[in-house]
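Here the sequence shown is numbered in this note's numbering, starting from 314 and rising by one per residue.
Here is the structure we will look at, set down as structure tokens.
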Amino acid sequence: MLKVENLHVKYGAIHAVKGIDLEVKEGEIVTLIGANGAGKSSTLKAISGLEKAAEGSITFNGQPLNKLSARNIMKLGISHVPEGRRIFAGLTVLENLEMGAYLRKDKAGIKEDLKKVYSRFPILEKRSRQDAATLSGGEQQMLAMGRALMAKPKLLLLDEPSMGLAPILVQEIFSIIQDIKAQGTTVLLVEQNARMALSIADRGYVLETGKVVYAGTGEELAESEEIAKAYLGG
């Protein structure tokens with residue numbers, strides 16, 4: 314479904330991603346783990362068109378993405394939930410969700426998907442008329458995920474969905490990610506909580522200073538002593 318080959322991303326003199334290869338197959342949860350500054354978020358931004366690749370190729374269902382705008386990449390079926398949630402303050406929860414569907418023209422389908430988002434995140438329906446900025450961190454994360462799902466993506470990019478959340482909410486977010494996969498959406502997940510990420514991932518890649526240093530199934534990576542020492546706290 315998604316193929317990234319020899320990807321390089323640069324910010325001026327900073328070489329953030331240095332020749333990454335990765336693949337995401339339809340129906341998988343694939344996770345990228347690694348320390349801060351390893352190049353995980355930059356990889357997602359290059360895939361969704363928020364950053365331009367300096368080198369390498371990105372293809373989605375056989376279509377090259379390198380020269381496409383973020384808007385056109387979204388049209389192909391890729392939604393990105395950025396780090397920090399980036400909800401629209403000053404708009405209500407409902408208006409934020411409607412923004413997720415702004416490229417769609419199927420009014421009946423949008424209405425149906427709004428119902429699905431509300432059934433998955435009941436708190437958002439209760440808060441639908443509230444300014445999105447007044448939501449708690451966990452509620453804002455649910456809103457950011459719900460907004461991305463309103464675009465009806467084939468591939469959902471999630472950047473640090475558990476950041477700053479209480480442990481009980483982290484469990485809930487990861488359970489929702491598994492449910493999103495079960496409903497037929499493929500997920501590429503960047504996550505600091507490596508243990509949780511590997512527990513739900515079909516496959517994973519470990520990044521270090523812009524390069525892939527390990528790759529394997531979620532189970533293989535979770536059981537590796539080297540990875541446990543470096544990323545799983547022992």
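Built from N, CA and C at the ideal position, the CB exists for glycine as well.
If you're wondering where the values come from, they're calculated on a predicted model, not measured in any experiment.
Closest Cα partner of residue i within the set the options
i: Lys531; options: Lys358, Ser512, His328; result: Checking the sequence, you will find Gly at residue 531 rather than Lys. Comparing Cα-Cα distances from Gly531 to each of Lys358, Ser512, His328, the minimum goes to Ser512.
i: Ser392; options: Thr405, Glu425, Leu357; result: Leu357
i: Glu396; options: Pro474, Ile540, Val330, Leu462; result: Pro474
i: Leu407; options: Leu502, Ala326, Gly459; result: Gly459
i: Ala461; options: Ile342, Lys524, Leu410, Thr372; result: Leu410
Identity of the residues DSSP links to residue i by a beta bridge
i: Arg516; result: Val343, Thr530
i: Ile391; result: Leu468
i: Val430; result: Bridge partners of Val430: none, in fact.
i: Pro377; result: Thr372
i: Thr499; result: Leu468
Buried versus exposed, by CB contacts within 10 Å (16 or more), residue i
i: Glu425; result: exposed
i: Lys388; result: exposed
i: Ala421; result: exposed
i: Ser488; result: exposed
i: Gly325; result: exposed
i: Glu364; result: buried
i: Tyr544; result: buried
i: Gly340; result: exposed
Same chain, Cβ closer than 8 angstroms to residue i, five either side skipped, listed in chain order
i: Gln443; result: Thr405, Val406
Contacts around residue i, its chain only, beta-carbon distance under 6 angstroms, and the 5 residues preceding and following it disregarded
i: Lys494; result: Ile342, Val500
i: Val394; result: Ala457, Met458, Ala461, Leu471
Are the region 466-478 and the region 422-437 in contact at 8 angstroms, needing three or more beta carbon pairs? no
key: Segment contact flag, the region 449-456 with the region 470-484, C-beta cutoff 8 angstroms, min 3 pairs   = yes
| said: Counting beta carbon pairs with one atom in the region 359-376 and one in the region 320-330, are three or more of them shorter than 8 angstroms? | reply: yes
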